[in-house]
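Below is one structure, written out as C-alpha coordinates, with a few remarks after it.
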Amino acid sequence: MRRTHLLLIASAIAASAVMPLPVLAHHGGAAYDQTKSVTFEGTVTEMQFANPHVLVYWDVKDGEGAGQKWSGWLTAPNKLSRAGWTKKTLNPGDRIVISGSPHKDGSHVLQIRKLVGPDGKELPLFEQ
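The numbers in the numbering used here rise by one with no breaks, and the one at position 127 of the sequence shown is 183.
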(Lines of atoms letter the chains of each structure in order from A and count residues from 1; the text may use other names and numbers.)
(Lines give C-alpha, C1' and ligand atoms only; values in the text may rest on other atoms or scores of the structure.)
Protein backbone atom coordinates (compact mmCIF):
# COMPACT_ATOMS: atom_id res chain seq x y z
CA MET A 1 0.00 0.00 0.00
CA ARG A 2 2.78 2.43 0.97
CA ARG A 3 4.64 1.65 -2.26
CA THR A 4 1.49 2.41 -4.28
CA HIS A 5 1.14 5.78 -2.56
CA LEU A 6 4.78 6.63 -3.21
CA LEU A 7 4.39 5.65 -6.85
CA LEU A 8 1.28 7.84 -7.20
CA ILE A 9 3.01 10.79 -5.55
CA ALA A 10 6.10 10.39 -7.73
CA SER A 11 3.90 10.18 -10.84
CA ALA A 12 1.99 13.32 -9.84
CA ILE A 13 5.23 15.23 -9.27
CA ALA A 14 6.63 14.09 -12.61
CA ALA A 15 3.41 15.02 -14.41
CA SER A 16 3.30 18.45 -12.80
CA ALA A 17 6.85 19.11 -13.96
CA VAL A 18 5.85 18.80 -17.62
CA MET A 19 2.23 19.97 -17.49
CA PRO A 20 2.92 23.71 -17.21
CA LEU A 21 4.80 23.83 -20.53
CA PRO A 22 1.79 23.22 -22.81
CA VAL A 23 -0.42 25.31 -20.55
CA LEU A 24 1.93 28.29 -20.89
CA ALA A 25 2.06 27.84 -24.65
CA HIS A 26 -1.73 27.86 -24.90
CA HIS A 27 -2.96 31.40 -24.54
CA GLY A 28 -5.74 33.64 -25.70
CA GLY A 29 -5.59 36.69 -27.88
CA ALA A 30 -4.97 39.06 -24.95
CA ALA A 31 -1.21 38.82 -25.47
CA TYR A 32 -1.55 40.26 -28.98
CA ASP A 33 -2.07 43.88 -30.00
CA GLN A 34 -5.43 43.68 -31.75
CA THR A 35 -5.15 47.34 -32.80
CA LYS A 36 -2.16 46.59 -35.05
CA SER A 37 -1.70 44.43 -38.10
CA VAL A 38 1.58 43.48 -39.72
CA THR A 39 2.15 41.70 -43.04
CA PHE A 40 5.16 39.67 -44.12
CA GLU A 41 6.36 37.82 -47.17
CA GLY A 42 8.32 34.84 -45.97
CA THR A 43 9.41 31.26 -46.42
CA VAL A 44 7.83 28.48 -44.38
CA THR A 45 10.33 26.56 -42.27
CA GLU A 46 7.84 24.34 -40.42
CA MET A 47 4.15 23.75 -39.76
CA GLN A 48 2.98 21.82 -36.70
CA PHE A 49 -0.50 20.50 -37.43
CA ALA A 50 -1.33 19.52 -33.84
CA ASN A 51 -3.56 20.52 -30.93
CA PRO A 52 -4.30 22.89 -29.38
CA HIS A 53 -3.37 25.23 -32.27
CA VAL A 54 -1.67 24.82 -35.62
CA LEU A 55 1.70 26.57 -35.47
CA VAL A 56 3.46 28.03 -38.50
CA TYR A 57 7.14 29.02 -38.54
CA TRP A 58 8.65 31.17 -41.28
CA ASP A 59 11.70 33.26 -42.13
CA VAL A 60 11.54 36.84 -43.41
CA LYS A 61 14.20 39.30 -44.53
CA ASP A 62 14.26 42.62 -42.72
CA GLY A 63 14.96 45.94 -44.47
CA GLU A 64 18.70 45.29 -44.34
CA GLY A 65 18.46 41.78 -45.76
CA ALA A 66 19.06 39.99 -42.47
CA GLY A 67 16.90 36.97 -41.70
CA GLN A 68 14.31 36.96 -38.94
CA LYS A 69 12.53 33.92 -37.60
CA TRP A 70 8.80 34.31 -36.91
CA SER A 71 6.05 32.04 -35.68
CA GLY A 72 2.31 32.31 -35.53
CA TRP A 73 -0.68 30.34 -34.45
CA LEU A 74 -3.96 29.43 -36.03
CA THR A 75 -7.07 27.68 -34.76
CA ALA A 76 -7.28 23.98 -33.90
CA PRO A 77 -6.35 21.45 -36.61
CA ASN A 78 -9.83 19.91 -36.66
CA LYS A 79 -11.32 23.30 -37.57
CA LEU A 80 -8.70 23.89 -40.27
CA SER A 81 -9.34 20.36 -41.60
CA ARG A 82 -13.01 21.25 -42.05
CA ALA A 83 -11.84 24.34 -43.95
CA GLY A 84 -9.80 22.11 -46.29
CA TRP A 85 -6.37 22.09 -44.65
CA THR A 86 -4.14 19.02 -44.34
CA LYS A 87 -0.73 18.40 -42.81
CA LYS A 88 0.68 19.15 -46.28
CA THR A 89 -1.06 22.50 -46.87
CA LEU A 90 2.16 24.35 -46.01
CA ASN A 91 5.59 22.83 -46.46
CA PRO A 92 9.14 23.98 -45.76
CA GLY A 93 10.29 26.23 -48.60
CA ASP A 94 6.80 27.48 -49.49
CA ARG A 95 6.63 31.25 -50.07
CA ILE A 96 3.72 32.83 -48.19
CA VAL A 97 2.24 36.21 -47.35
CA ILE A 98 1.03 36.31 -43.78
CA SER A 99 -0.80 39.00 -41.78
CA GLY A 100 -1.89 39.24 -38.20
CA SER A 101 -1.67 40.88 -34.81
CA PRO A 102 1.83 41.12 -33.31
CA HIS A 103 2.66 40.07 -29.76
CA LYS A 104 2.54 42.94 -27.28
CA ASP A 105 6.00 42.14 -25.92
CA GLY A 106 7.63 42.69 -29.32
CA SER A 107 8.63 39.06 -29.82
CA HIS A 108 8.38 37.61 -33.32
CA VAL A 109 5.05 35.88 -32.70
CA LEU A 110 1.83 36.55 -34.59
CA GLN A 111 -1.82 35.78 -34.11
CA ILE A 112 -2.45 34.95 -37.77
CA ARG A 113 -5.44 36.67 -39.41
CA LYS A 114 -4.71 36.13 -43.12
CA LEU A 115 -2.47 33.72 -44.98
CA VAL A 116 -1.82 33.59 -48.73
CA GLY A 117 -0.36 30.27 -49.83
CA PRO A 118 2.40 29.55 -52.34
CA ASP A 119 -0.15 29.44 -55.18
CA GLY A 120 -1.18 33.05 -54.47
CA LYS A 121 -4.60 32.10 -53.09
CA GLU A 122 -5.82 33.09 -49.64
CA LEU A 123 -6.11 30.04 -47.40
CA PRO A 124 -9.34 29.72 -45.39
CA LEU A 125 -8.64 30.11 -41.68
CA PHE A 126 -12.13 29.14 -40.57
CA GLU A 127 -14.85 26.77 -41.71
CA GLN A 128 -16.79 28.13 -44.66
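Just so you know, even glycine gets a beta-carbon here, dropped at the ideal spot from N, CA and C.
Cα atoms of G176 and A86: separation of roughly 30 Å, rounded to the nearest angstrom. Under the three-state reduction of DSSP output, S155 falls in the strand class. Under the criterion of beta carbons closer than 8 Å, I152 and L171 qualify as touching, at roughly 6 Å. The closest CA to that of A106, considering only K125, S93, N134, Q124, is found on N134. The continuous alpha helix (DSSP H) containing L136 extends over residues 133-138.
The beta carbon of Q104 sits closer than 6 Å to the beta carbons of L111 from its chain, once the five residues preceding and following it are set aside; these are given in chain order. Q167 counts as buried, since at least 16 other C-beta atoms from the protein chains shown sit within 10 angstroms of its C-beta.
Looking at the backbone, the Cα of Q90 and that of T142 are separated by about 28 Å.
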